[in-house]
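Here is the structure we will look at, set down as structure tokens.
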Amino acid sequence: TSLSPGADHLLMGIRGEIFTANTSSGEVTNITKTGAAAERLPVWSPDGKWIAYFSDESGETELHLRPASGGPIRRVPVEKKPSFYNELTWSPDSKKLVFSDAHLALWCFDLDQNAARRIDKMQHTDGDFSFQPVWSPDSRWLAYSKFIFQRVRSITLYSFETGKILPVTSP
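In terms of my numbering, the sequence shown opens at residue 536 and continues consecutively.
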């Protein structure tokens with residue numbers, strides 16, 4: 536569930552469909568209407584221009600970007616052999632999305648470059664595949680948690696300017 540930036544609409548993923556609900560009138564609209572596909576994890580961009588979610592409408596899981604005001608959907612295949620994706624999180628400047636996959640990788644989709652790339656990977660897990668990503672207010676850094684040696688979590692920073700990964704905590 537996600538609120539629009541002006542809090543006038545609520546975004547919900549329910550039973551494989553994406554709905555918006557007007558917070559004043561209560562009017563609910565199914566914006567995907569794809570009975571043969573499953574859409575999940577909808578999130579509104581901070582600038583209110585985009586609704587992002589994952590869809591298997593093509594037969595493989597893709598990132599979909601839907602203009603909030605209507606128009607054609609940008610369908611983004613993440614990789615050649617798609618995974619199960621999670622933790623879809625917008626950057627504060629609405630230019631990037633990060634998400635994790637079931638293969639212990641952390642990804643970033645850049646709207647300007649229209650491309651997704653893997654930015655980090657965990658070697659281990661205790662069954663929890665999450666990175667718990669959090670953006671810096673200026674969208675230049677990403678902080679996240681990942682399992683390192685002996686299945687201990689470490690706080691890590693990623694710089695979007697340099698592409699460097701900086702562990703903050705030690706094993």
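For glycine and all other residues, C-beta sits at the position ideal for the given N, C-alpha and C.
Check, Outcome
"Distance, Thr536 Cα to Ala556 Cα", "11 angstroms"
"Distance, Ser559 Cα to Pro541 Cα", "Here residue 541 turns out to be Gly, not Pro, going by the sequence shown. When rounded, the distance between both Cα atoms is 12 angstroms."
"Pick from Arg601, Gly594, Asp582, Pro617 that is closest to Tyr588, judged by C-alpha positions", "Arg601"
"Minimum C-alpha distance to Arg609 - residue among Asp647, Arg653, Ile549, Gly548", "Asp647"
"Beta-carbon proximity of Pro581 to Ser635, cut-off 9 angstroms", "no"
"Selected residue, minimal CA-CA separation from Gln667, among Val563, Thr697, Arg688", "Arg688"
"Best match in Ile549, Gly551, Glu562, Glu552 for proximity to Asp543 [C-alpha to C-alpha]", "Glu562"
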